[in-house]
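The opening position of the sequence shown corresponds to residue 228 in my numbering, with each subsequent residue numbered one higher.
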Amino acid sequence: MSSATESPEVRTRIYRAYRDYFDKAERKRRWNVRTDIPWDQCNPGIDPVVADVVQTFCMVELY
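Right under this line is the structure:
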């Protein structure tokens, strides 16, 4: 690393850019069960086996 990148100001700016990147990625990656599923389009008469598969998938993905 050169001395320019070792200055506290530059290191702070690099760290801030790093955190901003990951914070934005987390906001975009996460979903909300209440707002991101079109509940009005869901079929309440669906076969319970399908619901079990969906529930299992969600449990694995959210773990």
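Think of the CB as a built atom: it goes at the ideal place given N, C-alpha and C, for glycine as much as any other residue.
{"Asked": "Alpha carbon of Leu-289 to alpha carbon of Asn-259, nearest angstrom", "Found": "11 Å"}
{"Asked": "Span separating the alpha-carbon of Arg-240 from that of Ala-252", "Found": "18 Å"}
{"Asked": "Length of the line joining the Cα atoms of Glu-236 and Lys-255", "Found": "29 Å"}
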